[in-house]
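Visitor: Residue numbers (my numbering), protein chains in the order written: chain A, 1 to 310; chain B, 1001 to 1310.
All residues carry an ideal CB built from backbone N, CA and C; glycine is no exception.
Below you'll find the structure I mean.
What follows is the structure, given as structure tokens:
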């Protein structure tokens, strides 16, 4: 129906890459232990739906994040679809070695744009936390693996509130120096709004190519899709999302977490933007994991499409 | 934090009017009977929060919509805050007489842009349904009341699917002829996406002034806020929303309904757009009605702000 005659929409990206983070970022924030077989099933369903990149595991210490302790088993259990990138979080060299053993395609390192958040969550400054990633980044690049860098709290922090653009840009520069192929700006607590997102994305794009810059938005305040629209209008075309809106917000119990993949895919379909992903298959995967977790499906497009199908 | 340097955001409306439709459109779609005293309390809380317009009742036949049968009692029970417009739906002259008895400030008439929807929901064509409103509109104008016209299914229909722009424009012309002070384009089933919204709003604005054109979006597929952002970028600055996201979707059971007022207000605050409405008071009103109905609060900003307050 949309005939694209409005300049704003004619200039949107023709194709958007969606990185599915539900099996890692999403499940990590869900209460309760998820059986390894369920994780394997979920990753397989998502890879088959057409995602080019599925964040599948986290090789952090099981003392910190026990719900991700079965990363190796998950990676060994899944079907490896050729062309799909299976990525994993690796906080240190020990995690990197485990990720290598699990044969992941992409190593994900991470920092925060908020000094207060870094101090509370990694017991050190931003600079110290990035210093610890130097050997990981070098090893990954030497091994010819893809390297991705995630930056939390780019649009606000639960401890310090506002996060200046210069702090975001400083971390982007450090992660770029480590050789990151892709860097994502995360709104960890979902506080950002459209104008702010446009402002940050436009400015960061002056120092790091938009073609390798991703947006990772949370729907805590319902702003996920409008933030993605705002970022796309600047030219951003890589986004993270979570099937069934898996994940919560540890800083606001009962609040929504990651923006739902189904809602994004519905938007992209309406805008005529290619993703290469089968929305119906994602809706089914979202129904599967919501039922497995015994929780309400947080993807609104998912719920509506499931209701229509019945 | 947002410094407005991006042209797109500098040109957004400085002020947006939000019409709160929760007590009518929202509660009408909720299961179960809501006590009159609860409705009165809700309308009072919303008017005190600063809304210039609260859609408070519906004077339709109690045989059709029994949950709205206490419209007169609601209107008589509420505190009438000077300057606040209390509006009510009136399908015919009998409803109009009741609305007059209840001393409403604004009469709301309605039609559909979808012929299939009109046939199924009002047993007649669009033209016939609007013909029935001729005496209502005349009486309202003669009495010096405000007259508002709502058009359902402007972005898609549960029966016929696509709805052509020309059909929307035809109904806008008919309602304008009846003397409507304000006309709203409703996405009754929430299927519209941002580019389509921009396209429809831009075209309708060529025939009816944007200053009197409103957007009524549903969040069934999660598109509410991105659609509002798209409409604002065209210049639209009147929107309808429902506290706590009250309301559902009769065409997709279990799906989300009206876009939540709290989510919109959070967006406007982030964009620096004035609304004159106290977000905290709306969050409290949303908590009140969610608890009264025994249902989950569907406003994501509402849930997050309530969680943060605890």
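How many Å lie between residue 1034 of chain B and residue 1066 of chain B at the Cα?
Guide: Working through the second chain from its first residue, we reach residue 1034 of chain B at position 34. Working through the second chain from its first residue, we reach residue 1066 of chain B at position 66. The alpha-carbon atoms of residue 1034 of chain B and residue 1066 of chain B are separated by roughly 11 Å.
Visitor: Taking any Cβ of chain A, which residues in the region 1215-1228 of chain B have a Cβ under 9 Å from it, in chain order?
Guide: 1219, 1220, 1221, 1222, 1223, 1224, 1225, 1226, 1227, 1228
Visitor: How about residue 125 of chain A and residue 157 of chain A: do their beta carbons lie closer than 8 Å?
Guide: Indexing the first chain from 1 puts residue 125 of chain A at position 125. Indexing the first chain from 1 puts residue 157 of chain A at position 157. No, they are not a contact pair.
Visitor: Is residue 150 of chain A helix, strand or coil when you go by DSSP?
Guide: Translated into positions along the first chain, residue 150 of chain A becomes position 150. Residue state, collapsed to three classes: strand.
Visitor: Specify, as a first and last residue, the run of the beta strand (DSSP E) that residue 1087 of chain B falls within.
Guide: On the second chain, residue 1087 of chain B is found 87 positions in, with the first residue counted as 1. Going by DSSP, residue 1087 of chain B is part of the beta strand (DSSP E) stretching over 1085-1089.
Visitor: Can you check which of these residues, B:1252, B:1095, B:1246, B:1289, is closest to residue 306 of chain A by C-alpha distance?
Guide: Looking up residue 306 of chain A in the first chain gives position 306. Minimum Cα distance to residue 306 of chain A is reached at B:1252.
Visitor: At a Cβ threshold of 8 Å, is residue 1170 of chain B touching chain A?
Guide: By 1-based counting over the second chain, the position of residue 1170 of chain B is 170. It does not; no Cβ of chain A falls within 8 Å.
Visitor: Quick check on the DSSP output: what are the complete beta strand (DSSP E) runs of length 3 or more inside the region 183-260 of chain A, in order along the chain?
Guide: 213-216, 238-241
Visitor: Rounded to a whole number of angstroms, what is the C-alpha to C-alpha distance between residue 1245 of chain B and residue 142 of chain A?
Guide: Along the second chain, read from residue 1 onward, the residue named residue 1245 of chain B stands at position 245. Along the first chain, read from residue 1 onward, the residue named residue 142 of chain A stands at position 142. Cα to Cα, the separation comes out at about 51 Å.
Visitor: Whose CA, out of B:1216, B:1045, B:1139, lies closest to the CA of residue 1258 of chain B?
Guide: Here the question's residue 1258 of chain B lines up with position 258 in the second chain. Per the C-alpha coordinates, the member of B:1216, B:1045, B:1139 positioned closest to residue 1258 of chain B is B:1216.
Visitor: Could you give the first and the last residue of the continuous beta strand (DSSP E) run that contains residue 1054 of chain B?
Guide: Taking the second chain and counting its residues from 1, the one referred to as residue 1054 of chain B is at position 54. Per DSSP, residue 1054 of chain B belongs to the beta strand (DSSP E) from 1053-1058.
Visitor: Expressed to the nearest angstrom, what Euclidean distance is found between the alpha-carbon atoms of residue 1227 of chain B and residue 1105 of chain B?
Guide: Start at 1 with the first residue of the second chain, and residue 1227 of chain B comes out as number 227. Start at 1 with the first residue of the second chain, and residue 1105 of chain B comes out as number 105. Taking the straight line from one Cα to the other gives about 29 Å.
Visitor: Given this structure, state the Cα-to-Cα distance separating residue 1005 of chain B from residue 195 of chain A, to the nearest angstrom.
Guide: In the second chain, counting from the first residue as 1, residue 1005 of chain B sits at position 5. In the first chain, counting from the first residue as 1, residue 195 of chain A sits at position 195. Low confidence applies here, because residue 1005 of chain B scores a pLDDT of 48, under 50, leaving its location unreliable; read the following figure in that light. Each residue's alpha carbon lies about 9 Å from the other.
Visitor: Going along the chain, which residues of the region 135-160 of chain A sit with their C-beta nearer than 7 Å to a C-beta in chain B?
Guide: If the cut-off is 7 Å between Cβ atoms, the region 135-160 of chain A has nothing near chain B.
Visitor: Spell out a yes or no on whether the region 1202-1220 of chain B and the region 277-293 of chain A are touching, meaning 3 or more CB-CB pairs, one atom from each, closer than 8 Å.
Guide: Judged by Cβ distances under 8 Å, the region 1202-1220 of chain B makes no contact with the region 277-293 of chain A, as fewer than three pairs qualify.
Visitor: For chain B, is any of its Cβ atoms less than 8 Å away from the one on residue 300 of chain A?
Guide: The residue labelled residue 300 of chain A in the question sits at position 300 within the first chain. Answer yes: the Cβ-Cβ gap between residue 300 of chain A and chain B drops below 8 Å somewhere.
Visitor: Give me, in chain order, the residues of the same chain whose beta-carbon lies closer than 7 Å to that of residue 1008 of chain B; leave out the 5 immediate sequence neighbours on both sides.
Guide: As a working note, residue 1008 of chain B is residue 8 in the second chain. Excluding sequence neighbours, residue 1008 of chain B sits near 1233.
Visitor: Determine the contact status of residue 312 of chain A and residue 107 of chain A, defining contact as a CB-CB distance below 8 Å.
Guide: With chain A represented from 1 up to 310, any question about residue 312 of chain A goes unanswered, as that position is not in the structure.
Visitor: Give the straight-line distance between the Cα atoms of residue 1025 of chain B and residue 1175 of chain B, rounded to the nearest whole angstrom.
Guide: Numbered from its first residue, the second chain carries residue 1025 of chain B at position 25. Numbered from its first residue, the second chain carries residue 1175 of chain B at position 175. So the two alpha carbons sit approximately 20 Å from each other.
Visitor: How would you list, in chain order, the residues of chain B whose beta-carbon sits under 7 Å from the beta-carbon of residue 308 of chain A?
Guide: Walking along the first chain from the start, residue 308 of chain A turns up at place 308. Those within 7 Å of residue 308 of chain A in chain B are 1252.
Visitor: Looking at the unbroken beta strand (DSSP E) that takes in residue 108 of chain A, where does it start and where does it end?
Guide: In the first chain, counting from the first residue as 1, residue 108 of chain A sits at position 108. Run containing residue 108 of chain A: 106-112, per the beta strand (DSSP E) assignment.
Visitor: If I follow the unbroken alpha helix (DSSP H) through residue 101 of chain A, where does it start and stop?
Guide: As a first step, residue 101 of chain A must be located in the first chain, where it is residue number 101. That run of the alpha helix (DSSP H) goes 93-101.
Visitor: Can you tell me whether DSSP reads residue 1017 of chain B as helix, strand or coil?
Guide: Start at 1 with the first residue of the second chain, and residue 1017 of chain B comes out as number 17. If DSSP states are grouped into helix, strand and coil, residue 1017 of chain B belongs with the strands.
Visitor: Using only alpha-carbon positions, find the residue among A:13, A:49, A:21, A:17 that is nearest to residue 285 of chain A.
Guide: Position 285 of the first chain, counted from the first residue, corresponds to residue 285 of chain A. Out of A:13, A:49, A:21, A:17, A:49 has the C-alpha closest to the C-alpha of residue 285 of chain A.
Visitor: Ordered along the chain, which non-local residues of its own chain (more than five positions away) have a Cβ less than 8 Å from that of residue 1287 of chain B?
Guide: For this step, residue 1287 of chain B is matched to residue 287 along the second chain. 1244, 1297, 1302, 1306, listed in sequence order.
Visitor: With DSSP run on the structure shown, which of helix, strand or coil describes residue 1350 of chain B?
Guide: Here chain B comprises residues numbered 1001 to 1310, so residue 1350 of chain B is not present and cannot be evaluated.
Visitor: With a threshold of 6 Å on Cβ separation, who are the neighbours of residue 149 of chain A within its own chain once the five nearest residues in sequence on each side are excluded?
Guide: Within the first chain, the letter at position 149 stands for residue 149 of chain A. Within the same chain, residue 149 of chain A has close Cβ partners 109, 175, 180, 183.
Visitor: Considering just the uninterrupted stretch of the alpha helix (DSSP H) at residue 1121 of chain B, what are its terminal residues?
Guide: For the purposes of this step, residue 1121 of chain B is taken as the residue at position 121 of the second chain. Element bounds for residue 1121 of chain B: 1115-1122.
Visitor: Any Cβ of chain A within less than 8 Å of the Cβ of residue 1270 of chain B?
Guide: For this step, residue 1270 of chain B is matched to residue 270 along the second chain. Yes, because at least one Cβ of chain A sits closer than 8 Å to the Cβ of residue 1270 of chain B.
Visitor: I'd like to know whether the C-beta of residue 303 of chain A is nearer than 8 Å to at least one C-beta of chain B.
Guide: Residue 303 of chain A sits at position 303 when you count from the first residue of the first chain. Taking Cβ atoms only, chain B reaches closer than 8 Å to residue 303 of chain A, which makes this a yes.
Visitor: Buried or exposed: where does residue 1207 of chain B fall if 16 or more other Cβ atoms within 10 Å of its Cβ makes it buried?
Guide: By one-based count along the second chain, residue 1207 of chain B stands at place 207. The residue is exposed, with fewer than 16 neighbouring Cβ atoms inside 10 Å.
Visitor: Is there a C-beta anywhere in chain B that falls below 8 Å from the one on residue 8 of chain A?
Guide: Within the first chain, the letter at position 8 stands for residue 8 of chain A. The beta carbon of residue 8 of chain A sits closer than 8 Å to some beta carbon of chain B.
Visitor: Decide if residue 163 of chain A is buried, meaning its Cβ has at least 16 other Cβ atoms within 10 Å, or exposed.
Guide: Within the first chain, numbered from 1, the residue matching residue 163 of chain A stands at position 163. The residue is buried, with at least 16 neighbouring Cβ atoms inside 10 Å.
Visitor: Applying the criterion that 16 or more other CB atoms from any shown protein chain within 10 Å of the CB defines a buried residue, is residue 315 of chain A buried or exposed?
Guide: Past the edges of chain A, shown from 1 to 310, lies residue 315 of chain A, and the structure says nothing about it.
Visitor: Do residue 1018 of chain B and residue 1059 of chain B have their C-beta atoms within less than 8 Å of each other?
Guide: As a working mapping, residue 1018 of chain B is identified with position 18 in the second chain. As a working mapping, residue 1059 of chain B is identified with position 59 in the second chain. Contact flag unset, no.
Visitor: So if DSSP puts residue 1157 of chain B in a beta bridge, which residue, or which two residues, is it bridged to?
Guide: One-based indexing of the second chain puts residue 1157 of chain B at position 157. Partner(s): B:1161.
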